[in-house]
Amino acid sequence: MTTKTPSTLVFTILSVIVGAVIGFFGFSYLFDAWESGGTVSSSDTLAVVLAVLLAGQGVMVLGLSFARRSLGAVISGEEQRSATPAQVARYRMQGAVLLLAALLLFMPVDPTLLGLIPAPPGNTVMFAIVALLALQSLLNLRLWLGSDEFDRQMIANTSAVSFWATQVPIFLWGAGERMGVLPGLTTWDIAVAIMVIYLMASSYITMRHGAG
Amino acid sequence: MENRLRVLRAERGWSQADLGEQIGVSRQAVNAIETGKHDPSLLLAFRIAQVFGARLEDIFDPKLSSSDGATS
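Heads up: the protein sequence lines correspond to chains A and B, in order. Heads up, the first sequence is in the numbering used here, so the first residue is 2 and it goes up one at a time. Heads up, the second sequence is in the numbering used here, so the first residue is 16 and it goes up one at a time.
Structure representation (structure tokens):
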């Protein structure tokens, strides 16, 4: 059940604005790359699109966590109920996880982060990715430990669906590649594809359980 | 599994968030249980029964048939 309160309406409007701004920067990057004649692979394009979506969500969730009343309204569907400190902390962690996921997807494509920093050596980028992934895993673990049984059920269902939806196409592609009827994939191609499938499965399970 | 959660909650004038707070789950979890999209664990079911001061079978109806091994 989704209840529309003034706070949730404001949140929806802000979400659209934040999404538009982040989308603008993300897609500008892709258009610049295409216009400058550079070859942007399908995996890189998908990774940037995903990073944009995740960053947008992350900013919204993190921003919402700083407005306790609005957060409370979004969580409870009741305008007068402020979010508890535990709910605020949880949303901040979720926001951080989403932003880290966006960064992890974008860094291999553009280690200069849209020219914000000078191009670092590959080893440095790799070290940063490992460190950020470790931090993200730690936050994910804390989120899992603080989840109720319904959240855990949805995570478990998402894992089951995405395992099946990933294993089948990868096996078929691998067989086709082995027989020389399909082109080879890189590990990066597969990693991005797995991420896309996982997020699609997550959205499907969330909608199916009415937890959006 | 069918249940009378929505009716019992309405009788007490509780919102889904109110009930969720008392049994330690989110409003979304309460909504999913009420709409039959999530079957609560045994522990959560007992917690719900305790909050309403009722027996499990007064709240939840698993609709067991004789082929499921029900004795009734």
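For every residue, glycine included, the Cβ atom is placed at its ideal position computed from N, Cα and C.
- In the three-state reduction of the DSSP assignment, Phe75/B falls in the strand class, which pools E and B.
- Of all residues in the region 75 to 101 of chain A, those with a C-beta nearer than 8 Å to a C-beta of chain B are Ile76, Ser77, Gly78, Glu79 and Arg82, reading in chain order.
- Residues of chain B whose Cβ lies closer than 9 Å to the Cβ of Glu36/A do not exist, since the nearest Cβ in that chain is about 44 Å away.
- Contact with chain B is found for Gly211/A, since one of that chain's Cβ atoms lies less than 8 Å from the residue's Cβ.
- A Cβ-Cβ contact shorter than 8 Å links Val45/B with Leu34/B.
- Of the other Cβ atoms in all chains shown, fewer than 16 fall within 10 Å of the Cβ of Phe128/A; this residue is therefore exposed.
- The three-state reading of DSSP puts Glu79/A in coil, since its state is none of H, G, I, E or B.
- Of all residues in the region 139 to 159 of chain A, only Asp149, Glu150, Phe151, Asp152 and Gln154 place a beta-carbon less than 8 Å from a beta-carbon of chain B.
- The beta-carbon of Ala25/B is placed no less than 8 Å from the nearest beta-carbon of chain A.
- Taking 8 Å as the cut-off, the Cβ atoms of Ile38/B and Leu20/B do not count as close.
- Against Val66/B, chain A offers no close residue; the least beta-carbon distance is about 15 Å (beta-carbon pairs closer than 8 Å).
- Chain-order list of chain A residues neighbouring Leu59/B: Glu150, by C-beta distance under 8 Å.
- Within chain A, no C-beta atom comes nearer than 9 Å to that of Asn18/B; the closest sits roughly 14 Å away.
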